[in-house]
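Report on the following structure.
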Amino acid sequence: AGNTYVGGYTRSTDFPVVNSLQPAMAGYVDGFIAKLNSTGSALIYSTYLGGTSGQVISGLKVDRGGNLYLVGYTNSIDFPTVNPLQTALAGDFDNFVAKLNAEGSALIYSTYLGGNGFDGLSAIAIDSAGCAYVVGRTSSSNFPTANPFQQTRPGGIEAYLAKLNPGGTALIYSTYLGGSDFDA
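Residue numbers for the sequence shown follow the working numbering, beginning at 1416 and rising by one.
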């Protein structure tokens, strides 16, 4: 429809919110999501997203129905989760994967995704079935894997690739991807 979607992070307590899922900042830095109309002249919705510590949104994709898939990382123990694959923060920073409805008024799912180290998410893609593909980097020795191509982390920081089912409740596959040095 020509709408523009943006996401990132803010420390502003007066960030413009419209039809928001989360109207106020919760942490020292929160993620934000905004949908602008096709001319860029008005916000359709704009919201904070986060818990009481920090969070950054690093990637967005929109499906044909206007649902917004987003990825990022957080160190909040109370990041808002809905129908989560992983219910709790497992390390210093964990990734999160979320799906927001087309109106921006509710999370369809939201989950942590990470292990005992630092997990940072870079990008997301979706397929026609609604599966989310996420890629990022991890220093976790116990990053959640499923049907992995590479079961262990041979270096200090590895890339990873994961595919979540359409409900965000299960990993179809998740694997480390890297060698003995830094991979991201």
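Think of the CB as a built atom: it goes at the ideal place given N, C-alpha and C, for glycine as much as any other residue.
| message | Give the list of continuous beta strand (DSSP E) stretches no shorter than 3 residues that lie fully inside the stretch 1479-1518. | response | Complete beta strand (DSSP E) runs here, min 3: 1483-1489, 1509-1515.
### Task
Count the CB pairs spanning the stretch 1553-1562 and the stretch 1469-1486 that are closer than 8 Å, and state whether there are at least three.
Counting C-beta pairs with one atom in each stretch, the stretch 1553-1562 and the stretch 1469-1486 have fewer than three that are closer than 8 Å, which means they do not touch.
To which residues does DSSP link Asp1445 through a beta bridge? Position 30 of the sequence shown holds residue 1445. According to DSSP, Asp1445 bridges with Thr1425.
Problem - Under the three-state DSSP convention, the category Leu1436 falls into - result: The count along the sequence shown starts at 1 and reaches residue 1436 at position 21. Looking at Leu1436 - three-state DSSP - the assignment turns out to be coil, as it is neither helix nor strand.
* Between Gly1594 and the rest of its own chain, which residues show a CB-CB distance below 7 Å, the 5 nearest in sequence each way excluded? -> The residue given as residue 1594 occupies position 179 in the sequence shown. When the five nearest sequence neighbours on each side are left out, the beta carbons in the same chain lying within less than 7 Å of the beta carbon of Gly1594 are those of Pro1569, Gly1570, in order along the chain.
Item to check | Given Cys1546 as reference, the closest of Asn1510, Gly1530, Leu1586 once Cα atoms are compared | outcome: Here residue 1546 refers to the residue found at position 131 when the sequence shown is read from its first residue. With distances taken between Cα atoms, Cys1546 lies closest to Leu1586.
- prompt: Is the CB-CB distance between Thr1584 and Asn1498 below 8 Å?
  reply: By one-based count along the sequence shown, residue 1584 stands at place 169. By one-based count along the sequence shown, residue 1498 stands at place 83. A Cβ-Cβ contact shorter than 8 Å links Thr1584 with Asn1498.
Open item on the list: Using only CA atoms, which one of Leu1451, Val1433, Tyr1524 lies nearest to Leu1500?
Closed with: One-based indexing of the sequence shown puts residue 1500 at position 85. Check the Cα spacing between Leu1500 and each of Leu1451, Val1433, Tyr1524: the tightest is with Tyr1524.
Beta bridge counterpart(s) of Ala1574 as assigned by DSSP: On the sequence shown, position 159 is the one that residue 1574 refers to. Its beta-bridge partners are Arg1552, Leu1592.
field: Straight-line gap, Ile1541 to Val1549 (C-alpha atoms, nearest Å)
entry: Working through the sequence shown from its first residue, we reach residue 1541 at position 126. Working through the sequence shown from its first residue, we reach residue 1549 at position 134. The straight-line gap from Cα to Cα measures roughly 9 Å.
What residue does the beta strand (DSSP E) around Asp1534 start on, and which one ends it? Translated into the one-based positions of the sequence shown, residue 1534 becomes position 119. Where Asp1534 is concerned, the enclosing beta strand (DSSP E) starts and stops at 1534-1541.
>> Under 8 Å, Cβ to Cβ, is there at least one residue of chain D near Tyr1463?
In response: This model lacks chain D altogether; it includes just one protein chain.
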